[in-house]
Amino acid sequence: MKRIFIYSGLLWLAAVLSSCGIGHALVTNHNQNATEVHLGGNNFKVIDQVSGSSEVSYVLAMGGMNKRQLYQNAYATMMKKANLLSGSKAIINVTTEEHLGGFAPFFVRRTITVSAQVVEFTR
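Residue numbers (mature numbering (1 follows the signal peptide of the UniProt record, and there is no 0)): -25 to -1, 1 to 98.
Okay, structure coming up:
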């Protein structure tokens, strides 16, 4: 009987002290405008891979910003790194990744990372 209490106590301690996290990725088209680009020919080259990240922590389900603001901050950081102002460049293959970790409901950390490829058109 004593061994059962020790093993269940160790199992409970391992469950409490282990950090768990949930992650998922989402690929979407963020270019919802009237510009039409044809990538069928050899008229572009991939010049860079850029990403931006934003993180927030919640203590007892309070604090920080909402998910939409978190995404906007990560996307803005990525766009600054992309440097699209010089030349004929565009971003493609935008991927959004979200990770939740911590000890819910006491402490939760949410991280959103947005990444994309930068292409430059040659013709």
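Note that the Cβ used here is the ideal one computed from N, Cα and C, for glycine as well.
When only Cα atoms are considered, Y50 and I67 end up about 13 Å apart.
Judged by DSSP in its simplified three-state form, N68 adopts strand.
Within the same chain, F19, V21, A65 and I67 come within 6 Å of V94 by CB-CB distance, once the 5 residues on both sides are set aside. Annotation for I87: S29, L45, Y46, A49 and E73 place their beta carbon closer than 6 Å to its own, counting only its chain and skipping 5 residues before and after.
Contact annotation, M53 with S26: C-beta distance approximately 6 Å; criterion of less than 8 Å satisfied.
Spanning the alpha carbons of K42 and V31 requires a straight line of approximately 9 Å. In the DSSP assignment, A91 falls within the unbroken beta strand (DSSP E) covering F82 to F96.
M37 carries a strand assignment under DSSP once its states are collapsed to helix, strand and coil.
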